[in-house]
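J.:
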Amino acid sequence: GAGVSQTPSNKVTEKGKYVELRCDPISGHTALYWYRQSLGQGPEFLIYFQGTGAADDSGLPNDRFFAVRPEGSVSTLKIQRTERGDSAVYLCASSQPGQGQPQHFGDGTRLSIL
Amino acid sequence: QKEVEQNSGPLSVPEGAIASLNCTYSDRGSQSFFWYRQYSGKSPELIMSIYSNGDKEDGRFTAQLNKASQYVSLLIRDSQPSDSATYLCAATAGSGGSNYKLTFGKGTLLTVNP
Numbered sequence: 034g035a036g037v038s039q040t041p042s043n044k045v046t047e048k049g050k051y052v053e054l055r056c057d058p059i060s061g062h063t064a065l066y067w068y069r070q071s072l073g074q075g076p077e078f079l080i081y082f083q084g085t086g087a088a089d090d091s092g093l094p095n096d097r098f099f100a101v102r103p104e105g106s107v108s109t110l111k112i113q114r115t116e117r118g119d120s121a122v123y124l125c126a127s128s129q130p131g132q133g134q135p136q137h138f139g140d141g142t143r144l145s146i147l
Numbered sequence: 010q011k012e013v014e015q016n017s018g019p020l021s022v023p024e025g026a027i028a029s030l031n032c033t034y035s036d037r038g039s040q041s042f043f044w045y046r047q048y049s050g051k052s053p054e055l056i057m058s059i060y061s062n063g064d065k066e067d068g069r070f071t072a073q074l075n076k077a078s079q080y081v082s083l084l085i086r087d088s089q090p091s092d093s094a095t096y097l098c099a100a101t102a103g104s105g106g107s108n109y110k111l112t113f114g115k116g117t118l119l120t121v122n123p
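Given below as C-alpha cells:
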C-alpha cells in the first residue's frame, strides 16, 4: 500500500514568509507525528496527533509553529515568519493507534529559508 | 533532557562481516526501541523494533535489548554494500504516558566495503 506522502518535497522561501507543509499518512493510521531533522542530527519530535486533536505539541519550538489535522487524516504544519534557523528537513510519520507502535516516515520536506 | 547516545562512526566493515551497532539511552522508563536505516538524502526506514529484554531476529538483523544496562544494539550479519547507511537508534519517552514520543540518537554511519 501507499506510504506516508509529504508535499512539497522541497521548499525554498525568504525569511519572514509563511509556509505550509502537508502530510498524508498511511491509510488506517490514526496516529500522526511531525519531526524535524537538521544535518548530522537525528529527527527531533515536534507534535503528535491522535485523530484530529494534537495530543502532544511539546516539541514545537515556539508559537510560530502550528499544526492541524482537521479530519483526522491529512495534516498541515504551518510556520509563520520563517527564520533561517527553521531550515531543516521536516519529517512526517504515522502509526497504528496505541502506545509504542512503530512509526513509518515519509520522504520529508526539505525547507530552506534564504 | 532524555538522551539516546550512539557512536557516530564511521564504522567500516568488509562485505560478509558482522556489523555491530550500539546505543545507550538515559530514560529508564523507556519501553519501546527502534532501529531505523537512513540513506543519504532519504528518510528513515524502520528495520527493527524491540520491546522486551533479549534478542529479536529478523533475517540478517538481530536487535538486542538490555533494560538494566539501558543498552540496545543491532547486529547485521553477512553485511552487504547496500547496508551502507546511517543507522538511527530511537527510544520512546517513559514518562507521563508518552510511549509514542521518539528520541533519536545522532546515528552511526556504516560503510560496508566490497
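In the order they appear, the protein sequences are chains A and B.
Residues in the first sequence are numbered from 34 upward in steps of one, following my numbering.
Residues in the second sequence are numbered from 10 upward in steps of one, following my numbering.
For each residue, glycine too, the CB sits at the ideal point set by N, CA and C.
As the structure is a prediction and not an experimental result, all values here were calculated from the model.
(1) What beta strand (DSSP E) runs, 3 residues minimum, are completely inside the segment 45-105 of chain B?
(2) Rounding to the nearest angstrom, what Cα-Cα distance links residue 42 of chain B and residue 112 of chain B in this structure?
(3) Can a CB atom of chain A be found closer than 8 Å to the CB of residue 70 of chain B?
(4) Residues in the same chain with beta-carbon distance under 6 Å from residue 111 of chain A, minus the five sequence neighbours each way, listed in chain order, please.
(5) Candidates B:28, B:53, B:121 and B:78: which alpha carbon is nearest residue 99 of chain B's?
(6) Scan the segment 124-135 of chain A for residues whose Cβ lies nearer than 7 Å to a Cβ of chain B and list them as they occur along the chain.
(7) Chain A partners of residue 108 of chain B, CB-CB under 7 Å?
(8) Counting only beta-carbon atoms, is residue 89 of chain A nearer than 8 Å to chain B?
(9) Taking residue 57 of chain A as the query, report the chain B residues whose CB atoms sit under 8 Å from its CB, ordered along the chain.
(10) Any beta-carbon of chain B closer than 8 Å to the one on residue 62 of chain A?
(11) I'd like to know whether the C-beta atoms of residue 69 of chain B and residue 59 of chain B end up nearer to each other than 8 Å.
(12) Would you call the CB atoms of residue 144 of chain A and residue 44 of chain A closer than 8 Å?
(13) Give, in chain order, every residue of the segment 70-87 of chain A whose Cβ lies closer than 9 Å to some Cβ of chain B.
(14) Pick out whichever of B:107, B:12, B:28 and B:40 has its Cα sitting closest to the Cα of residue 119 of chain B.
(15) Does residue 115 of chain B have its Cβ less than 8 Å from a Cβ in chain A?
(16) Nearest chain A C-beta to residue 58 of chain B closer than 8 Å, yes or no?
(17) Can you name the residues that DSSP bridges to residue 86 of chain A?
T.: Reading it off the structure:
(1) Those beta strand (DSSP E) runs which fall completely within the segment 45-105 of chain B and span 3+ residues are 54-59, 63-67, 70-75, 80-85 and 94-101.
(2) Here the question's residue 42 of chain B lines up with position 33 in the second sequence. Here the question's residue 112 of chain B lines up with position 103 in the second sequence. Going from the Cα of residue 42 of chain B to the Cα of residue 112 of chain B covers about 10 Å.
(3) In the second sequence, the residue the question calls residue 70 of chain B occupies position 61. False, the Cβ-Cβ gap to chain A never drops below 8 Å.
(4) Position 78 of the first sequence, counting from 1, holds the residue named residue 111 of chain A. Correct list, in chain order: 53 and 99.
(5) Sequence index remark: in the second sequence, residue 99 of chain B carries index 90 (1-based). Of the residues B:28, B:53, B:121 and B:78, the one whose Cα lies closest to the Cα of residue 99 of chain B is B:53.
(6) Residues 124, 132, 133 and 135.
(7) Indexing the second sequence from 1 puts residue 108 of chain B at position 99. The contacting residues are 132 and 133.
(8) Walking along the first sequence from the start, residue 89 of chain A turns up at place 56. Chain B contact via Cβ: present.
(9) Taking the first residue of the first sequence as position 1, residue 57 of chain A is located at position 24. Neighbours of residue 57 of chain A across chain B, judged by C-beta separation under 8 Å, do not exist; the nearest C-beta is about 14 Å away.
(10) Taking the first residue of the first sequence as position 1, residue 62 of chain A is located at position 29. No, its Cβ sits nowhere closer than 8 Å to a Cβ of chain B.
(11) Locating residue 69 of chain B in the second sequence gives position 60, where the first residue counts as 1. Locating residue 59 of chain B in the second sequence gives position 50, where the first residue counts as 1. No, Cβ-Cβ distance for residue 69 of chain B and residue 59 of chain B is not below 8 Å.
(12) Looking up residue 144 of chain A in the first sequence gives position 111. Looking up residue 44 of chain A in the first sequence gives position 11. A contact, by the Cβ cut-off of 8 Å.
(13) Taking 9 Å as the Cβ-Cβ cut-off against chain B, the residues of the segment 70-87 of chain A that qualify are 70, 73, 74, 75, 76, 77, 78, 81 and 83.
(14) Position 110 of the second sequence, counted from the first residue, corresponds to residue 119 of chain B. Taking residue 119 of chain B as reference, the option from B:107, B:12, B:28 and B:40 with the minimal CA-CA separation is B:28.
(15) Translated into the one-based positions of the second sequence, residue 115 of chain B becomes position 106. By the rule that beta-carbons nearer than 8 Å mark a contact, residue 115 of chain B touches chain A.
(16) Numbered from 1 along the second sequence, position 49 holds the residue referred to as residue 58 of chain B. Residue-level contact by beta carbon holds for residue 58 of chain B and chain A, with a gap shorter than 8 Å.
(17) Within the first sequence, residue 86 of chain A is the residue found at index 53, counting from 1. Assignment of beta-bridge partners to residue 86 of chain A by DSSP yields A:83.
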